[in-house]
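Quick note on numbering: numbering that gives the first Met the number 0 labels position 83 of the sequence shown as 82, and the sequence is numbered without any gaps. We put the beta carbon where it would ideally sit given N, CA and C, even for glycine. As structure tokens, the structure follows; a few thoughts come after it.
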Amino acid sequence: MESQNEFSNELKELLLTVHHKRKIEKGTFLFQEGMKASELFVIESGLIQISKIVPDGRELTLRMCSTGDIIGELTLFCSAPRYMLSAKVIEGGEVAVIAQNELEERLKQEHQLALELMKWTSLQYRKTQTKFRDLILHGKKGALFSTLIRLSNSYGVISENGITLSIPLTNQELANFCGTSREVVNRMLGELRKKEIISIKKGIITIHSLSYLKNEIDCENCPVEICNIE
């Protein structure tokens with residue numbers, strides 16, 4: 000998977016000048032919701048899941064982050080900052096660690112770069128808002144269908160049978176993307192398989208009718224930089 004960010008070379012250089020590197024291991028947390036925040040991270044390798052625990056205890060996965068992505072950015076310019084989300088390592092790798100106070104001082108001096116980072120943060124906010132829109136307007140079905148559409152844009156490989164997702168996902172992982180239970184996702188996936196909208200083999204999903212999923216949730220055909228899982 001390629002990162003969807005569009006940082007300029009100047010911003011990339013800025014981010015990479017104020018850090019040390021840290022190894023990350025699969026199954027661990029880089030940070031968790033509620034922890035005091037003093038660092039941001041640029042992923043150099045690996046895969047990290049960004050999620051939030053909703054009031055009833057369920058986990059809602061908001062995005063998957065890979066090489067080149069920034070995480071922990073919501074703590075910038077906050078007094079007594081704490082991480083608002085959790086970052087779980089799905090695939091081990093390495094991150095560049097940026098001291099928040101050092102980056103804030105640099106951004107105060109580099110106004111153009113600060114503006115670019117604000118634009119990037121705004122894009123992440125728009126992605127999150129569209130996910131909540133689908134969940135609110137179309138409920139659990141909207142959450143699952145929009146997740147499958149986003150996954151197809153991030154991990155989809157076109158084949159003769161449709162669009163095959165290049166990563167295996169358990170039903171529980173899909174449920175986390177939708178903020179619902181595994182049982183509900185099992186039922187909805189079963190209905191889609193009966194209608195031959197999708198097929199699943201060894202955890203790999205192939206979408207045979209993307210248009211069906213889009214029509215069911217009145218898809219607005221947002222640009223790929225917004226409609227993705229990253």
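Item, Value
"Looking at the secondary structure, which residues open and close the beta strand (DSSP E) in which Val53 lies?", "Counting along the chain, Val53 falls outside any beta strand (DSSP E), and DSSP gives it neither H nor E."
"Return the first residue and the last residue of the beta strand (DSSP E) that Val151 is part of.", "Per the sequence shown, the amino acid found at residue 151 is Ser instead of Val. Segment His110 to Tyr154 is the alpha helix (DSSP H) holding Ser151; no beta strand (DSSP E) there."
"Go through the stretch 167-221 residue by residue and report every complete run of the alpha helix (DSSP H) that reaches 4 residues or more, in order.", "170-177, 181-193 and 209-215"
"By Cβ distance below 6 Å, which residues in the same chain neighbour Thr205 in space, the five residues on each side in sequence not counted?", "Asn160, Gly161, Thr163 and Ser198"
"DSSP three-state call for Ser2: helix, strand or coil?", "Residue confidence is low: Ser2 scores 42 on pLDDT, short of 50, so the model does not pin down where it sits. Its coordinate-derived value is still stated next. Residue state, collapsed to three classes: coil."
"Please go through the same chain and pick out, in chain order, the residues whose beta-carbon is closer than 6 Å to the beta-carbon of Tyr211, but skip the five residues on each side of it.", "Ile196"
"Rounded to whole angstroms, what's the CA-CA distance from Gln48 to Val88? Just pull it up for me.", "6 Å"
"I need the straight-line Cα distance from Pro80 to Phe28, nearest angstrom please.", "18 Å"
"Excluding the 5 residues flanking Gln3 on each side, which residues of the same chain have their C-beta closer than 6 Å to its C-beta?", "Legend: pLDDT at Gln3 = 44, less than 50; position of this residue unreliable, value from coordinates given subsequently. Only Glu224, Asn227 and Glu229 meet the Cβ criterion."
"Using a threshold of 8 Å, state whether the C-beta atoms of Gln99 and Glu38 are closer than that.", "yes"
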